[in-house]
Each structure stands twice: as C-alpha cells, then as structure tokens.
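Visitor: Take a look at this one; I'll ask things after.
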Amino acid sequence: MNIEKNKSLKNYHTFRTEVETSFFFKLERKEDLTLFFEDNDISTSFLLLGEGSNVLFTKKFEGYILYMAAKGLEVLYEDENVCRIKVNAGENWDDFVKYCVENNLYGAENLSLIPGTAGAAPVQNIGAYGAEVKNLIVSTEVFDVKEKIFKEIDNQHCAFEYRSSIFKYPENKKRYIITSVLFELSKKRSFNLEYGALKNFAAERKHINLEDVRDEVIRIRKSKLPVPEEVPNAGSFFKNPVVSERSFQNLSAAYPELKGFPLSAEEKEYKLAAGQLIDLCGLKAYEYKGAAVHDKQALVIVNKNNASGQAILELSEYVKKQVFNKFGVKLVREVNIY
Ligand code: FAD
Ligand code: NAP
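Each residue of the sequence shown is one higher than the one before, counting from 39 in our numbering.
Here's what the structure looks like:
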C-alpha cells in the first residue's frame, strides 16, 4: 500500500492554495478501501477527496486524504425507453455528461461542465439551470466505514434536497464513501429549458438537439464563471437562501430589484439569489489578502493572488456579515471547509 507522507495538496483542489496533508492514498479500485480500512484504524481522521472543486483547506490536513481515482462506466440495462449506467466514483462528471449526449441519452445535458467526480455528484445533489442530479440517480453504492462492507443506498434513502443529501450530514461524512452511482437516462426526446438563460435560447431555435443544449450551457457558463485552471475557485461559495413570503415582501419593498423565485405555492417560500445580495452590498470585485469576490458572479470567491485558505475563509465571513447587516439574511456556506 503506497501511502505518501506530508504531501502538497495544491494540485488536488481548485482553490490551489498551498496546503499539506500528513498522509495521502490514491484509490485506484474500490477494493483498495477494504485493504485500507483493515490496516488503518483511522475512522476519525480521513477525508475522501474527488477533484477538490467544492472544498477549502484552511490549515494542514492532519490525517489521511483518500483520493478517489477509480474510473470507468458500464451500461447495466437498456430498453427502448431508458438506459441505466453504473459510473465509478472517480470518473469525471463532465466526461459522463458528454458520453450521455453523444449516445442520445437525455437528462444530464443541463449539468454540463460542472467540475468534479461522478462520485461527488450525489453528495450535494449537484444542480444547474433548473436540473438536479437526484432526478437521474437510481442508487449509490457506498463503502460503509463503520461496518466495513459495501452497500447500496437507493434514491429515496439518500434524502436529496437542494444542494444536500445524507452524504453531507456530519455523522455520515466519516461513514459513507461513494464508490459508484447508478444513473438512469431517458431515450425519449425531452428537454428542460424553462430556466431564464436557456429559455431565450430555446425561443430562438426551430430545432434543438442534445448537443445544442450542452453547447449552450457550456457557452453561458464560460461567459460568466471563472475557469479554475485560470482563476482558482470552488464555484458558488454560499447556497441561495430561502426566506418566507412575508420576508420576501418586506425585502422587495426596500429593494424592488431583488430577485425571488417561489419554491412552491403551498410552502410560501422564496429562494433569493445570494450573488445578487452580495452584489447589492457593493462587494463585487472586493479584494482581501489575495482573495476576491468574482467581478462577474459575486457568489464566487476566487484566489486571485496567492491567497491563503484562511484569507479566503475570512473574506467569506466578511461577505456573510455584510449581507446579514444589510438584509438580515444569513448566508450558509456551500463549500466544505477543512
Ligand atoms: P470534492 O470537492 O473533492 O469533495 C466535495 C465533498 O464531497 C467533500 O466533503 C468530499 O469529502 C465529498 N466527496 C467527494 N467524493 C466523495 C465520494 N466518492 N464519497 C463520499 N464523499 C465524497 N456545483 C453544483 O452543484 N452546480 C454547479 O453548477 C457547480 N458549478 C461549479 C463551477 C465551478 C467553476 C466550480 C469550481 C465548482 C462548481 N460546483 C458546482 C461545485 C462542484 O463542482 C461540485 O460540488 C462537485 O460535485 C464536487 O466534486 P469533486 O469531485 O470536486 O468533490
Ligand atoms: P444565474 O443564471 O445568473 O441565476 C442567478 C440565481 O438565480 C441562480 O443562483 C439561480 O438559482 C436563480 N435562478 C435563475 N433563474 C431561475 C429560475 N428560472 N428558476 C429558479 N431559480 C432561478 O446563475 P449563474 O451564476 O449564471 O449559474 C447558472 C446555474 O449554474 C445556476 O443554476 C447555478 O446554481 C449553477 N452554478 C452553480 C455553482 C455551484 O458551485 N453550486 C457554480 C456555478 C453555477 P439556482 O442556483 O438555484 O439555480
């Protein structure tokens, strides 16, 4: 078992800050997990890392980084309506989306170009442009660190919510390692083009195919979002806050430009756009110790000039405070801090 010591994580997370881990183990196959946990009693000091596109390290990681590199996918079932594909956790998410589009499988195209691994996709139920990955997941296979066995957890037991699942619960972070995900894609032509930016695109086109949608999503994303290879970042730093209808009405009276998306008529709740709240605090492009609020999308914090993880965290705390002082709305972090 090749365990590396005092290894730099700089190239293993998209904020690209200089930070070390005490131990580093690359998982090439899911069976490595059984071996690893037989030999090492480390149930409290490990972190499963995918492509590191949703994490921020603020200090040396004192423990074992288990780097998920088990790739590959396999079609397990297909008929004239659907196709079920088992994807190993270390497979790149966007390569899988590309595979679906190239094979005329519908459902994943709005989630094009989201960084990270397929194994991390269920963790925060990745979403974009009105689509969420929970709608494609049949089940996840996990290694249960407590019982040291592999298990299947079906979709209904994953407790998927907006940017959340059981895999995000603190008690499960040290328990479940996702080793593969079973997805079901549709073979029937159907698109989800209700989301603002895609609606305009759909209105302008007579005929649309899967590749058009993927290309458009990629085009929009590239025009607004910083590419981590060029400007290190971890995507949206905060979740979009949800407030009551009454709070939304009060806020709108004071700030008529405020965007609010009704979640459901019964619950009478509204989702606000966190990026707009930050922008209205005048923080777009605000810089602090090498970190900065992105100048095109204020929900993203970037490592502009050799910022430390601690500086990025401090900037995010400042942003949170300013938003609370102005709107009375508490922002909750989406990025995982270690
Ligand atoms: P990591 O960052 O390595 O890990 C994230 C968390 O998941 C960690 O707590 C880790 O322990 C856990 N984890 C990872 N793999 C596993 C596993 N196999 N088993 C158990 N736990 C695991 N997210 C969206 O939802 N929508 C977007 O549109 C979006 N856009 C983004 C754009 C940019 C530019 C960037 C940088 C990020 C964006 N993100 C988005 C966030 C990120 O891409 C997703 O959260 C992604 O799923 C993270 O994958 P990863 O492999 O990098 O996970
Ligand atoms: P955008 O299109 O400028 O929209 C701003 C915000 O308004 C988004 O957060 C979005 O919420 C919300 N919104 C817009 N139209 C909506 C509609 N018709 N119905 C409900 N909500 C609507 O956002 P963007 O920054 O360019 O991002 C585009 C998409 O990519 C979004 O879905 C966003 O979540 C996703 N994205 C996520 C990350 C991440 O790290 N999590 C990073 C980049 C982009 P939602 O976020 O809930 O969709």
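We put the beta carbon where it would ideally sit given N, CA and C, even for glycine.
Given 7 angstroms as the limit, tell me if residue 299 has its C-beta closer than that to any heavy atom belonging to ligand 2.
Guide: Indeed, a heavy atom of ligand 2 lies less than 7 angstroms from the Cβ.
Visitor: Measure how close the beta-carbons of residue 103 and residue 114 come, nearest whole angstrom, since I'm counting them as under 8 angstroms.
Guide: Wrong, their Cβ atoms sit about 31 angstroms apart, outside the cutoff.
Visitor: Does the distance from the CB of residue 89 to the CB of residue 255 come in under 8 angstroms?
Guide: Taking 8 angstroms as the Cβ cut-off, residue 89 and residue 255 do not qualify as a contacting pair.
Visitor: So, helix, strand or coil for residue 59, using DSSP?
Guide: The answer is strand: DSSP assigns residue 59 an E or B state.
Visitor: Using DSSP with H/G/I as helix, E/B as strand and the rest coil, what is residue 68?
Guide: Correct three-state label for residue 68: coil.
Visitor: What does a CB cutoff of less than 6 angstroms around residue 158 pick up in its chain, not counting 5 residues either side in sequence?
Guide: Closer than 6 angstroms at Cβ, skipping near neighbours: 88.
Visitor: Quick test of the definition: if touching needs 3 or more C-beta pairs under 8 angstroms, does the segment 115 to 123 touch the segment 182 to 191?
Guide: In short, these stretches do not touch, since the Cβ pair count stays below three.
Visitor: Give the straight-line distance between the Cα atoms of residue 72 and residue 370, rounded to the nearest whole angstrom.
Guide: Taking the straight line from one Cα to the other gives about 35 angstroms.
Visitor: When the distance is taken between beta carbons, is residue 218 closer than 8 angstroms to residue 160?
Guide: Their beta carbons are not under 8 angstroms apart, which means residue 160 does not touch residue 218 by this criterion.
Visitor: When you compare only the Cα positions, how much space is there between residue 167 and residue 296?
Guide: Roughly 19 angstroms separates the two Cα atoms.
Visitor: Hey, quick one: how far does the alpha helix (DSSP H) through residue 137 stretch, first residue to last?
Guide: 131 to 140 is the span of the alpha helix (DSSP H), which, as asked, contains residue 137.
Visitor: Verify the contact flag: residue 91, CB atom, against every heavy atom of ligand 1, threshold strictly below 7 angstroms.
Guide: Yes - ligand 1 has a heavy atom lying nearer than 7 angstroms to the Cβ of residue 91.
Visitor: Drop a sphere of 10 angstroms on the beta-carbon of residue 163, count the other beta-carbons inside from all chains shown, and report buried for 16 or more, exposed for fewer.
Guide: Buried is the call here.
Visitor: For residue 127, count neighbouring C-beta atoms within 10 Å of its own C-beta (all shown protein chains included) and say buried if the count is 16 or more, exposed if not.
Guide: Counting Cβ neighbours within 10 Å, residue 127 comes out buried, since at least 16 surround it.
Visitor: If we require 4 or more residues per run, which alpha helix (DSSP H) segments fall completely within the segment 201 to 286?
Guide: Runs found: 208 to 211, 234 to 242 and 248 to 262.
Visitor: Is the closest heavy atom of ligand 2 to the C-beta of residue 308 under 7 angstroms?
Guide: Checking every heavy atom of ligand 2 against the Cβ of residue 308, none is found closer than 7 angstroms.
Visitor: Quick one: give me the first and last residue of the beta strand (DSSP E) that residue 164 is part of.
Guide: First-last for residue 164: undefined, no H or E at that position.
Visitor: Is the number of C-beta pairs between the segment 208 to 226 and the segment 175 to 186 that are closer than 8 angstroms three or more?
Guide: Taking 8 angstroms as the limit for Cβ pairs, the verdict is that the segment 175 to 186 does touch the segment 208 to 226.
Visitor: So is residue 215 buried or exposed if we call it buried at 16+ other beta carbons inside 10 Å?
Guide: So residue 215 counts as buried.
Visitor: Can residue 126 be considered in contact with ligand 2, in the sense that its beta carbon sits closer than 7 angstroms to one or more heavy atoms?
Guide: No, ligand 2 has no heavy atom inside 7 angstroms of this Cβ.
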